[in-house]
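Reviewing the structure listed below.
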Amino acid sequence: TGTLGAAWAVAWTRRTAQVVVEHREELIELDRQIGDGDHGENLARGFTAVLAKLDALDAEPEDVGAVLKLVATTLMSTVGGAAGPLYGTAYLRAAKVTALPALDSAAVVALLEAGLEGIVVRGKANPGEKTMVDAWTPAVEAAVAAADAGASPAGVLAAAAEAARGGAEATTPLVATKGRASYLGERSAGHQDPGATSTALILDAAATTAAE
Ligand code: ADP
Ligand code: MG
Ligand code: MG
Numbered sequence: 002t003g004t005l006g007a008a009w010a011v012a013w014t015r016r017t018a019q020v021v022v023e024h025r026e027e028l029i030e031l032d033r034q035i036g037d038g039d040h041g042e043n044l045a046r047g048f049t050a051v052l053a054k055l056d057a058l059d060a061e062p063e064d065v066g067a068v069l070k071l072v073a074t075t076l077m078s079t080v081g082g083a084a085g086p087l088y089g090t091a092y093l094r095a096a097k098v099t100a101l102p103a104l105d106s107a108a109v110v111a112l113l114e115a116g117l118e119g120i121v122v123r124g125k126a127n128p129g130e131k132t133m134v135d136a137w138t139p140a141v142e143a144a145v146a147a148a149d150a151g152a153s154p155a156g157v158l159a160a161a162a163e164a165a166r167g168g169a170e171a172t173t174p175l176v177a178t179k180g181r182a183s184y185l186g187e188r189s190a191g192h193q194d195p196g197a198t199s200t201a202l203i204l205d206a207a208a209t210t211a212a213e
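Rendered as structure tokens:
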């Protein structure tokens with residue numbers, strides 16, 4: 002039942018940086034199969050820059066939104082390609098609904114819904130097009146269901162993370178119709194989408210830190 006505040010948002014962000022660096026090669030390899038092989042490098046560079054910004058702060062961030070806004074602006078300025086603007090917009094939208102001292106379950110759902118909305122506004126992908134939307138969409142659905150069933154904020158994130166992982170795995174047989182992988186047409190089938198995979202890692206970091 003514990004709410005999540007700025008300290009959680011910082012822990013989530015630091016954990017995300019650690020996890021994307023740990024999974025850098027795996028994300029590069031996935032993107033090499035159906036893209037240009039830079040997704041792991043893009044995210045590792047972006048979140049390493051985010052860590053530097055967090056370390057340079059001279060005061061604790063005052064709320065979750067302030068942390069997410071820092072992530073958004075840093076990703077937008079340091080990560081090129083598709084993922085930088087997409088994740089940047091997701092974090093920026095999420096920041097706008099989390100300018101609160103602490104998030105309850107409904108606010109965690111709002112954070113996730115805003116993130117997905119940002120990605121869809123920016124990238125115009127529908128579910129089933131083999132993108133990060135295929136991880137975010139089941140994550141939001143699972144979060145809503147968990148919150149409706151009375152789950153704690155950590156429980157909402159756990160449900161979202163598990164659904165995101167399932168959504169990422171379910172991209173494997175899909176044919177990409179958005180982004181660079183769509184250039185491959187039918188040949189994009191048989192590979193897991195890198196962006197959906199990184200989304201599952203980011204949401205897993207959110208859930209893990211909320212459970213601590
Ligand atoms: P780039 O393709 O420019 O090299 P990245 O490799 O960093 O960028 O990111 C690729 C990921 O971005 C894909 O795996 C996919 O999940 C996501 N992506 C690409 N286009 C879109 C889109 N229009 N909407 C949502 N996600 C997208
Ligand atoms: Mg790429
Ligand atoms: Mg690229």
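Residue numbers (UniProt numbering): 2 to 213. Glycine residues also receive a C-beta, built at the ideal position from the N, C-alpha and C atoms.
Taking any heavy atom of ligand 2 as the mark, which residues have a C-beta closer than 5 Å to it, listed down the chain? 32, 36, 37, 39, 40
Can you tell me which of the three DSSP states residue 95 falls into? helix
So who's on the other strand from residue 6, going by DSSP bridges? 103
Apart from the five residues on each side of it in sequence, which residues of its chain come closer than 7 Å, Cβ to Cβ, to residue 91? 116, 119, 120
Please determine whether the Cβ atom of residue 276 lies at a distance below 8 Å from any heavy atom of ligand 1. As displayed, the chain neither begins before 2 nor continues past 213, which places residue 276 out of reach and without an answer.
Please check the pair residue 187 and residue 176, which I expect to be a contact at CB under 8 Å, by giving their CB distance rounded to whole angstroms. 6 Å
Just to confirm before moving on: does the CB-CB distance between residue 212 and residue 159 stay below 9 Å? yes
Comparing C-alpha positions only, which one of 167, 113, 125, 127 sits nearest to residue 148? 113
Classify residue 127 as helix, strand or coil using the three-state DSSP reduction. coil
Exposure of residue 199, with buried meaning 16 or more beta-carbon neighbours within 10 Å: buried
Considering residue 70, what are the terminal residues of the alpha helix (DSSP H) in which it resides? 65 to 79
Return the chain-ordered list of same chain residues with a C-beta closer than 6 Å to the C-beta of residue 20, the five sequence neighbours on each side being excluded. 202, 206
Out of curiosity, what's the CA-to-CA distance linking residue 53 and residue 22? 14 Å
Considering residue 198, what are the terminal residues of the alpha helix (DSSP H) in which it resides? 195 to 212
Is residue 58 buried or exposed, if buried means 16 or more other CB atoms sit within 10 Å of its CB? exposed
Would you call residue 1 buried or exposed, if buried means 16 or more other Cβ atoms sit within 10 Å of its Cβ? Residue numbering for the chain in the displayed model covers 2 to 213; residue 1 lies beyond these limits and cannot be assessed.
Leaving out five residues before and five after residue 9 in sequence, what residues of the same chain have Cβ atoms less than 7 Å from its Cβ? 210, 211
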